[in-house]
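I have placed the structure first, in the form of structure tokens, so that the comments after it can refer back to it.
Residue numbers (our numbering), protein chains in the order written: chain S, 890 to 1189; chain B, 890 to 1189.
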């Protein structure tokens, strides 16, 4: 089965000078990303520094997006935390807002836990939320969590909770794993975390991409999705690659935020929370090049 | 310098049938551990499943201990979370209670972050807590966090915040690292996470031990500390080792909780939160052997 690919942007979270979440800039940037042509947003993921934010902050920022008129069916907020009650609280909040789904990390502090314990963890969330509208996208990012979402875990979850699990974001960067997941679970929407994998992802029956660099390159990525299979594909793909390669070797989240700041002409967007450090000015040339390639047609 | 070694127990957190923290059993067990002769408790650490608990739950359980009459100067609660505001809230709460110190994990979701960002993170906590009574014990457990507390990080923190950092718990299990830390920072209290390392730790100038198995073997461990350098040392050490070896190959936290349940004759203590799974009855013989070696003199 080939699906019409979708792009969800794991939107960055701007911070004010006191490092509190900056609601106004968050709304401005999220609306910009949707105007770029993204199908929706996956806020409060890894790129969003959500794991550096409290439950209350994450809830407040989701409220802000919805209050600003962004439709909940365009939102897949990240809701997975180390602590079970936190995951329950955030997932319940997302469901009550009518969000398209929740992107849920496994509990990620303890390593080497049994698969049955991970099933118990998701079951505890599902039972506590107790809402037939709950739709979960699994979030596989073992390089951060150390707790992989394996094929056998997915199988156990689908078996135990039919209809609840609807997709997976594979941030492992391991195409073989993505391909195996698509093949094993054709009913799930499987997103790659890099736009570099869009052609393979779509050809294999995947759902598209939820990529950090979509924060600064959404228009080109959407363009690539539309150009798949057309004579333009190679040219558009080359343009996407050119932007992506600029970020190689840079700390990704600080660099994405620096580029976002350049786009808006507003240095505030470049602020990060510890443990990240804002991108050094030494990389200004690279950020200028991103702006030239990705934002140059804009009236700044 | 040789110090009089101390034992702080990373007390388990009992859970009720609905998986909420069980305050009454928590107090009973913590008082039992102090009666065993432990110098104090390091609650809300890894063994305590604290990383599966919300900030509100952790605060409430610390309140409960202090309300029950356990002196705050015998407590080093764990307060480090993935999210900066959570670490600030818990650390502030511990300081306001007058706790001996706070055992602080580095922010542990994001991997490969720069040392300067980790310094910024601790600085943000110290600045936000803004209390001259704050004393931080660093918590090095890279097998869970993926974020080591390196010697250069410690040096940067001591330099920037003189008097705030007073110790470190080395849960790496790597004696060479512990030894290097003691040698580089003789002013810090360096705790090993296994009682197996007590003789080396004390001989090198370390501060003692904060060990998971102290939950079920505190009396023998205290006995070992007192026997160091005496003719009894080898015999006492062998007894401590015998108990510790029973846990080899078992999931440690569920096994520790199963042994605690046996001690109190109360199966409730064996409950764990996901992602852990309670110990299988198949290991009853091993738990019985722990009880025989560690609790047999008790009037149950």
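We put the beta carbon where it would ideally sit given N, CA and C, even for glycine. Just so it is clear, the structure is predicted and the values come from calculations on it, not from any experiment.
Residue i, enclosing beta strand (DSSP E) - first and last residue
i                       : result
residue 1078 of chain S : 1078-1081
residue 1027 of chain S : 1025-1029
residue 1036 of chain B : Neither: residue 1036 of chain B is in no beta strand (DSSP E) and is coded neither H nor E.
residue 1008 of chain B : Premise fails: residue 1008 of chain B lies in the alpha helix (DSSP H), 1004-1018, not in any beta strand (DSSP E).
residue 991 of chain S  : 991-993
residue 898 of chain S  : 895-898
Given residue i as reference, the closest of the options once Cα atoms are compared
i                       : options                           : result
residue 1139 of chain B : B:988, B:996 and B:1179           : B:1179
residue 905 of chain S  : S:1166, S:1009, S:1156 and S:982  : S:1156
residue 1096 of chain S : S:1086, S:1102 and S:1103         : S:1086
residue 1056 of chain B : B:1003, B:938, B:908 and B:1023   : B:1023
residue 959 of chain S  : S:931, S:1005, S:1107 and S:1165  : S:931
residue 1131 of chain S : S:1181, S:1093 and S:1077         : S:1181
residue 955 of chain S  : S:1046, S:892, S:984 and S:1136   : S:984
residue 942 of chain B  : B:1041, B:1167 and B:911          : B:911
residue 1046 of chain B : B:1007, B:1084 and B:1073         : B:1007
residue 917 of chain S  : S:1104, S:892 and S:1115          : S:1104
residue 1166 of chain B : S:1013, S:1113 and S:1120         : S:1013
residue 847 of chain B  : S:1005, S:1032, S:1069 and S:973  : Look at the range of chain B in this structure, 890 to 1189, and you will see that residue 847 of chain B is not part of it.
residue 1034 of chain S : S:1102, S:1052 and S:994          : S:994
residue 1205 of chain B : B:1077, B:1101, B:974 and B:922   : Because chain B in this structure spans residues 890 to 1189, residue 1205 of chain B falls outside the shown range and cannot be described.
residue 1149 of chain B : B:1021, B:1106 and B:1114         : B:1106
residue 1093 of chain S : S:1051, S:1042, S:1065 and S:1127 : S:1065
Minimum Cβ-Cβ distance from residue i to chain B less than 7 Å
i                       : result
residue 1133 of chain S : no
residue 940 of chain S  : yes
residue 1006 of chain S : yes
residue 1171 of chain S : no
residue 1013 of chain S : yes
residue 1033 of chain S : yes
Interface residues of chain S facing residue i [CB-CB closer than 8 Å]
i                       : result
residue 1009 of chain B : 1163, 1164 and 1166
Within chain S, the residues that residue i reaches when beta carbons sit closer than 7 Å
i                      : result
residue 943 of chain B : 972, 974 and 975
Cut-off 7 Å between Cβ atoms - residues of its own chain near residue i, not counting five sequence neighbours on either side
i                       : result
residue 988 of chain B  : 961, 964, 965 and 966
residue 1058 of chain S : 992, 1026, 1028, 1029, 1080, 1082 and 1099
residue 947 of chain S  : 933, 939 and 979
Close-in-space but distant-in-sequence residues of the same chain around residue i (CB under 6 Å, 5 per side omitted)
i                       : result
residue 1010 of chain B : 996
residue 1160 of chain S : 904
residue 1090 of chain S : 1081
residue 970 of chain S  : 976
residue 908 of chain B  : 1162
Closer than 7 Å to chain S by CB, residue i
i                       : result
residue 1080 of chain B : no
residue 1189 of chain B : Only weak support is given to the placement of residue 1189 of chain B: the predicted model assigns it a pLDDT of 44, under 50, and the question is left unresolved by the model.
residue 1000 of chain B : yes
residue 996 of chain B  : yes
Residue i: contacting residues in chain S (beta-carbon distance under 9 Å)
i                      : result
residue 929 of chain B : What residue 929 of chain B touches in chain S: nothing, since even the nearest Cβ is about 24 Å away.
Delimiting residues of the alpha helix (DSSP H) encompassing residue i
i                       : result
residue 1059 of chain S : Element bounds for residue 1059 of chain S: not the alpha helix (DSSP H) but the beta strand (DSSP E), 1054-1059.
residue 915 of chain S  : 912-924
residue 1146 of chain B : 1141-1153
residue 984 of chain S  : 973-985
residue 1129 of chain S : 1122-1135
residue 1117 of chain B : Here residue 1117 of chain B belongs to no alpha helix (DSSP H), and DSSP marks it neither H nor E.
residue 1041 of chain S : 1040-1049
Neighbour list for residue i in chain B, Cβ cutoff strictly below 7 Å
i                       : result
residue 1114 of chain S : Ordered by position in chain B, no residue passes the 7 Å Cβ test against residue 1114 of chain S, which lies about 29 Å from the chain.
residue 1003 of chain S : 1166
Cross-chain neighbours of residue i in chain B, by beta carbon under 9 Å
i                      : result
residue 946 of chain S : 972 and 974
Contact test: residue i Cβ vs the ligand FMN heavy atom, cutoff 6 Å
i                       : result
residue 1008 of chain S : Looking at this structure, you won't find the ligand FMN or any other ligand, since it has none at all.
Close beta carbons around residue i, own chain, < 8 Å, minus the five adjacent residues each side
i                       : result
residue 937 of chain B  : 899, 900, 901, 902 and 967
residue 849 of chain S  : It is not possible to answer for residue 849 of chain S, since the shown part of chain S is limited to 890 through 1189.
residue 1108 of chain B : 925, 926 and 1183
7 Å Cβ cutoff, residue i in contact with chain D
i                       : result
residue 1103 of chain B : This model lacks chain D altogether; the protein chains it does include are S and B.
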